[in-house]
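Below: one structure, written as structure tokens.
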Amino acid sequence: MYNLKFPAGLALLLLLLFSAGPAYGKVYIDIDSPSFQQFPIAVADFKPLRPFPENEKLSLLFSDTLSRDLTLTGYFHLLDRKAFLEDPNRAGITAEGIRFEDWTVIGAEYLVKGGFQTDGRELVAEFRLFDVVRGELVVGKRYSGKSGDHNRMVMQFVSEILLALTGEAGLFDTRIAFVKKSATSAEIYTINFDGSDPRRVTNYNALTLSPRWSPDGRFLAFTSYKEGNPDIYLRDLESGSTRKIAFYPGLNLPGSWSRDGKRLLVTLSRDGNQEIYEMNVENGLLLRLTRDFSIDVSPVRSPDERRIAFVSNRSGSPQIYVMDADGGNVRRLTYGGNYNTSPAWSPKGKKIAYEGSVNGRFQIFVIDAEGGDPQQVTFEAGDHESPSWSPDGRYLAYSVRGYGRSRIEIMNAGGQGVRVLHEDKDTSQSPFWSPHLR
Amino acid sequence: MKRSWGWVGLMALVLCLSVSWMTGCAKKASLKEGAVVTQEQKVVAQTPAEASAAAADDQAARERALQEQALRDQAAREAAAKEAKDAADRAKKEAAAKAAAILKELQIADVNFDYNMYNLRPEAQDILKKGAPAYLKYRDYKLVVEGHCDERGTAEYNLALGEKRATEAAKYLADLGIEKERIKTIRAHFVIFPPVK
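If you're matching them up, the sequences are chains A and B in order. Positions 104 to 541 (this note's numbering) are the ones given, in order, by the first sequence. Positions 262 to 458 (this note's numbering) are the ones given, in order, by the second sequence.
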């Protein structure tokens with residue numbers, strides 16, 4: 104059974120009530136292939152589980168949130184409520200109470216039904232996904248929690264739907280860290296994939312930047328000027344405690360983690376120049392990887408950990424370079440334009456996203472990790488910066504600023520389906536996508 | 262693209278040199294206060310000597326004399342205290358004015374860099390050459406070199422660039438004879454220290 108644990112640790116009991124039909128096989132599909140057809144799905148309004156009147160607003164809130172989150176995934180085409188033929192007062196929420204032809208005739212392939220009950224601050228909800236063509240239950244769950252947990256319950260069930268239909272749980276168990284700048288400080292925040300639940304992580308009233316999740320999602324490494332020098336700190340998101348892990352004279356900036364969570368790539372200027380090192384997080388031991396009298400910064404590992412991409416101005420302008428994990432075999436990756444920075448290696452290892460200047464504005468590019476022609480994926484006005492891949496490699500998060508506005512956006516890795524993740528009066532920058540927060 | 266701005270013109274790449282803390286002012290003020298205490302002790306010490314010299318037959322006159330003496334002593338003490346305070350205030354003011362004058366002499370103008378560069382331009386070298394002698398004259402003063410970058414561009418790369426710029430300027434100042442120990446470099450992104458216009 105796939106079990107999601109939310110990072111807040113809120114008491115959200117998960118009970119498996121209904122087992123999937125034994126004959127139902129998983130369908131693995133490629134949403135990015137040109138032949139992909141979205142699943143036509145209907146979401147019925149939620150009903151009270153007991154014969155008592157319940158809050159009607161909550162009934163709509165469940166179905167609306169569910170419809171929104173299903174749309175966000177990109178896998179589903181939501182059927183219009185107005186087209187529904189079923190009489191909601193007579194129909195049930197289990198297979199026995201559903202006339203499946205009411206749904207197939209309007210073009211649905213899948214149907215989500217659910218119910219809920221409230222007792223004071225307690226909230227219980229049931230969700231069921233039906234394959235209406237086969238006329239059978241695909242997956243059903245019952246969640247109990249507090250009032251206000253409906254959003255989490257919906258995200259959790261959408262993950263179940265994705266797991267059942269695509270073999271992957273989607274991104275509803277991920278968050279995106281980013282930096283929010285005001286006039287006098289910059290602090291780190293995290294936010295859900297659907298834009299809900301923004302949370303402040305640091306409150307130092309100082310410049311804090313470069314959030315980097317550990318591979319298990321438990322720690323955030325970042326740099327803060329809170330004690331004057333740009334030092335690297337490690338926040339334990341479970342206990343809330345913070346430890347200073349690199350505080351050499353000069354710059355201390357975190358890069359990417361190793362998969363085992365033991366080694367962190369860092370940029371340090373302790374030897375008089377900005378160089379890339381690998382630091383053992385437990386004992387602080389350093390392994391120096393670059394030796395060049397120019398700026399070397401922003402290291403990022405390939406998923407197989409054999410190579411490291413980084414930014415260097417050794418050729419005169421900042422460009423992306425790739426080297427072996429031990430620092431050898433350095434070669435230049437980008438040649439177009441005079442400013443290419445912020446490399447992000449795709450989770451499947453084949454591509455590197457970065458920002459490059461085009462006519463004086465920054466746009467996001469994706470290049471083959473082996474080199475070749477870069478593909479520009481953003482084209483709007485304003486500066487597009489700091490790309491970060493979703494853990495499944497399907498999306499890129501990045502920041503956009505210019506013309507008095509600033510926001511974090513998400514788009515498909517191919518450049519379509521742009522969605523604003525976060526926007527307010529402050530400047531939002533440097534998004535960094537979490538791993539699955541199981 | 263709709264806009265094409267010249268990079269060099271747009272990038273206000275600023276390096277700001279500013280003077281850090283100073284020493285000496287507080288010391289002078291406390292020396293004067295020490296002098297005040299010594300004067301007061303002298304006045305008090307005279308009192309018992311004069312009292313023993315007075316005649317024993319006219320006690321009232323003696324008491325009156327003592328009282329008058331006490332009043333005189335108090336007046337003298339107050340006058341001395343006032344004079345000392347005025348002197349301390351004057352000294353403080355003079356010290357502050359002198360420090361302000363020195364600070365003004367120690368000011369070095371901002372140094373600008375070309376877009377994405379950290380080598381010192383000839384104009385920048387001239388500014389530093391003009392500014393260095395004051396630091397050779399007033400050796401109690403230290404200086405802080407702040408490296409700034411334009412807000413545009415990548416935060417991490419800009420931090421490195423700002424550090425490179427501060428380091429270049431600091432090296433040049435050291436070559437002009439200012440002891441390395443007196444120069445502190447800090448690297449700052451736009452956020453904490455907006456670039457000077």
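Using N, Cα and C, we set each Cβ at its ideal position, and we do this for glycine too. Source: prediction; values computed, not measured.
> Using a beta-carbon distance cut-off of less than 8 Å, what residues from the stretch 411–424 of chain B approach chain A?
Replying inline: Those would be Arg413, Gly414, Thr415, Ala416, Glu417, Tyr418, Leu420, Ala421, Leu422, Glu424, in chain order.
>> Is the separation between the beta-carbon of Pro534 (chain A) and that of Tyr501 (chain A) shorter than 8 Å?
In response: For this step, residue 534 (chain A) is matched to residue 431 along the first sequence. For this step, residue 501 (chain A) is matched to residue 398 along the first sequence. The answer is yes: Cβ separation under 8 Å.
> Taking Cβ-Cβ distances shorter than 9 Å, what residues in chain A pair up with Asn380 (chain B)?
Replying inline: Your numbering for residue 380 (chain B) matches position 119 in the second sequence. Those do not exist, as Asn380 (chain B) stays about 11 Å from chain A at its closest Cβ, beyond 9 Å.
>> Using C-beta distances below 6 Å, list every residue in its chain close to Ser491 (chain A), excluding the 5 sequence neighbours before and after it, in chain order.
In response: Start at 1 with the first residue of the first sequence, and residue 491 (chain A) comes out as number 388. Same-chain partners within the cutoff: Ala447, Ala500, Pro534, Phe535, Trp536.
>> Does the CB of Gly459 (chain A) have a neighbour CB from chain B at under 8 Å?
In response: Your numbering for residue 459 (chain A) matches position 356 in the first sequence. No, Gly459 (chain A) lies away from the interface with chain B (no Cβ there is under 8 Å from its Cβ).
>> For the alpha helix (DSSP H) containing Ile201 (chain A), name the first residue and the last one.
In response: Position 98 of the first sequence, counted from the first residue, corresponds to residue 201 (chain A). Per DSSP, Ile201 (chain A) lies in no alpha helix (DSSP H) and is assigned neither H nor E.
> Is Leu265 (chain A) near the ligand GDP, going by C-beta to nearest heavy atom under 7 Å?
Replying inline: This structure simply doesn't include the ligand GDP, nor any ligand for that matter.
> Taking the C-alpha atoms as reference points, what is the distance between Pro318 (chain A) and Asp297 (chain A)?
Replying inline: Along the first sequence, read from residue 1 onward, the residue named residue 318 (chain A) stands at position 215. Along the first sequence, read from residue 1 onward, the residue named residue 297 (chain A) stands at position 194. Pro318 (chain A) and Asp297 (chain A) have their C-alpha atoms spaced approximately 21 Å apart.
> From which residue to which residue does the beta strand (DSSP E) around Met382 (chain A) run?
Replying inline: As a working mapping, residue 382 (chain A) is identified with position 279 in the first sequence. According to the DSSP assignment, Met382 (chain A) belongs to the beta strand (DSSP E) that extends over 378–383.
> If we ignore side chains and look at the alpha-carbon of each, how far apart do Glu512 (chain A) and Val523 (chain A) end up?
Replying inline: Here residue 512 (chain A) is taken as the residue at index 409 of the first sequence, counted from 1. Here residue 523 (chain A) is taken as the residue at index 420 of the first sequence, counted from 1. About 4 Å.
> When the cut-off is 8 Å and only beta carbons count, does Val414 (chain A) lie next to chain B?
Replying inline: Position 311 of the first sequence holds residue 414 (chain A). By the rule that beta-carbons nearer than 8 Å mark a contact, Val414 (chain A) touches chain B.
> Which residues of chain A have a Cβ atom closer than 9 Å to the Cβ of Asn377 (chain B), listed in chain order?
Replying inline: Along the second sequence, one-based indexing puts residue 377 (chain B) at 116. Close to Asn377 (chain B), with beta-carbon spacing below 9 Å, are these residues of chain A in chain order: Asn416, Gly419, Ser420, Pro421, Asn441, Tyr442.
>> On the DSSP letters alone, give me the boundaries of the beta strand (DSSP E) that Arg400 (chain B) sits inside.
In response: Start at 1 with the first residue of the second sequence, and residue 400 (chain B) comes out as number 139. Note, Arg400 (chain B): premise wrong, no beta strand (DSSP E); not H, not E.
> What are the boundary residues of the beta strand (DSSP E) that His180 (chain A) is part of?
Replying inline: As a working mapping, residue 180 (chain A) is identified with position 77 in the first sequence. For His180 (chain A), the enclosing beta strand (DSSP E) covers residues 179–181.
>> Within 10 Å of its beta-carbon, does Ser415 (chain A) have 16 or more other beta-carbons around it, so buried, or fewer, so exposed?
In response: If you number the first sequence from 1, residue 415 (chain A) lands on position 312. By the C-beta density criterion, Ser415 (chain A) is buried, having at least 16 other C-beta atoms within 10 angstroms.
> Along chain B, in chain order, which residues have C-beta atoms closer than 9 Å to that of Asn436 (chain A)?
Replying inline: Here residue 436 (chain A) is taken as the residue at index 333 of the first sequence, counted from 1. Per the sequence presented here, residue 436 (chain A) reads as Leu, with Asn not at that position. Going along chain B, no residue has its Cβ under 9 Å from Leu436 (chain A), so there is no contact; the nearest lies around 16 Å.
> Considering only the beta carbon of each residue, do Arg391 (chain A) and Glu378 (chain A) sit closer than 8 Å?
Replying inline: Against the first sequence, residue 391 (chain A) aligns to sequence position 288. Against the first sequence, residue 378 (chain A) aligns to sequence position 275. Going by C-beta atoms, Arg391 (chain A) is nearer than 8 Å to Glu378 (chain A).
> Gly392 (chain B) by DSSP, collapsed to three states: which one?
Replying inline: By one-based count along the second sequence, residue 392 (chain B) stands at place 131. Of the three classes helix, strand and coil, the one that applies to Gly392 (chain B) here is helix, per DSSP.
> Hey, does Leu214 (chain A) have any beta-carbon neighbour from chain B nearer than 8 Å?
Replying inline: In the first sequence, the residue the question calls residue 214 (chain A) occupies position 111. Contact with chain B is absent for Leu214 (chain A), since none of that chain's Cβ atoms lies less than 8 Å from the residue's Cβ.
> Which residue's Cα is closest to the Cα of Arg382 (chain B): B:Glu324, B:Glu429, B:Ala326?
Replying inline: As a working note, residue 382 (chain B) is residue 121 in the second sequence. Minimum Cα distance to Arg382 (chain B) is reached at B:Glu429.
> Residues of chain B with a CB under 8 Å from the CB of Gln519 (chain A): which are they?
Replying inline: Numbered from its first residue, the first sequence carries residue 519 (chain A) at position 416. The premise fails here: Gln519 (chain A) is roughly 21 Å from chain B at the closest Cβ pair, so nothing lies under 8 Å.
> Who are the near neighbours of Arg443 (chain B) in its chain, counting only those whose CB is closer than 6 Å to its CB and skipping five residues on each side?
Replying inline: Stepping through the second sequence from its first residue, residue 443 (chain B) is reached at position 182. So the list reads Lys403, once near-sequence residues are dropped.
> Should Asp190 (chain A) be flagged as near chain B, meaning a C-beta pair shorter than 8 Å?
Replying inline: Counted from its first residue, the first sequence places residue 190 (chain A) at position 87. So no, Asp190 (chain A) is outside the interface.
> Per the contact definition of three or more C-beta pairs closer than 8 Å, is the stretch 311–331 of chain A in contact with the stretch 370–386 of chain B?
Replying inline: No, they do not touch.
>> Less than 7 Å between C-beta atoms, sequence neighbours within five positions excluded: which residues of the same chain meet that for Arg302 (chain A)?
In response: On the first sequence, position 199 is the one that residue 302 (chain A) refers to. Result list for Arg302 (chain A): Tyr292, Thr293, in chain order.
> What separation, rounded to the nearest whole angstrom, lies between the Cα atoms of Gly423 (chain B) and Asp471 (chain A)?
Replying inline: Your numbering for residue 423 (chain B) matches position 162 in the second sequence. Your numbering for residue 471 (chain A) matches position 368 in the first sequence. Gly423 (chain B) and Asp471 (chain A) have their C-alpha atoms spaced approximately 31 Å apart.
> Does the beta-carbon of Phe275 (chain A) have 16 or more other beta-carbons within 10 angstroms, so that it is buried, or is it exposed?
Replying inline: For the purposes of this step, residue 275 (chain A) is taken as residue 172 along the first sequence, with counting starting at 1. It is buried - the Cβ of Phe275 (chain A) has at least 16 other Cβ atoms within 10 Å.
> Which residue or residues does DSSP assign as beta-bridge partners of Asn515 (chain A)?
Replying inline: By 1-based counting over the first sequence, the position of residue 515 (chain A) is 412. Listed as beta-bridge partners of Asn515 (chain A) by DSSP are A:Tyr498.
> With burial defined as no fewer than 16 other Cβ atoms inside 10 Å of the residue's Cβ, what is the status of Gly273 (chain A): buried or exposed?
Replying inline: Locating residue 273 (chain A) in the first sequence gives position 170, where the first residue counts as 1. Buried, since its Cβ has 16 or more Cβ neighbours within 10 Å.
> Hey, how far is the Cα of Phe482 (chain A) from the Cα of Gln466 (chain A)?
Replying inline: Reading the first sequence from its first residue, position 379 is the one you call residue 482 (chain A). Reading the first sequence from its first residue, position 363 is the one you call residue 466 (chain A). Cα to Cα, the separation comes out at about 7 Å.
> For Lys390 (chain B), which residues from the same chain have a beta carbon less than 8 Å from its beta carbon, with the 5 sequence-adjacent residues on both sides left out?
Replying inline: The residue given as residue 390 (chain B) occupies position 129 in the second sequence. By the criterion of a C-beta distance shorter than 8 Å, Lys390 (chain B) is surrounded in its chain by Leu437, once the five residues flanking it on both sides are discounted.
> If we ignore side chains and look at the alpha-carbon of each, how far apart do Val369 (chain A) and Glu381 (chain A) end up?
Replying inline: As a first step, residue 369 (chain A) is located in the first sequence; it is residue number 266 there, counting from the start. As a first step, residue 381 (chain A) is located in the first sequence; it is residue number 278 there, counting from the start. Going from the Cα of Val369 (chain A) to the Cα of Glu381 (chain A) covers about 6 Å.
> Using the beta-carbon count (16 or more within 10 Å), is Ala349 (chain A) buried or exposed?
Replying inline: Translated into positions along the first sequence, residue 349 (chain A) becomes position 246. With 16 or more Cβ atoms within 10 Å of its Cβ, Ala349 (chain A) is classed as buried.
> Listing by chain order, which chain B residues have their CB less than 8 Å from the CB of Asp486 (chain A)?
Replying inline: Here residue 486 (chain A) refers to the residue found at position 383 of the first sequence. Per Cβ cutoff of 8 Å: Arg413.
> Within the 8 Å Cβ cut-off, does Leu392 (chain A) reach chain B?
Replying inline: Reading the first sequence from its first residue, position 289 is the one you call residue 392 (chain A). With 8 Å as the cut-off, Leu392 (chain A) does not count as an interface residue toward chain B.
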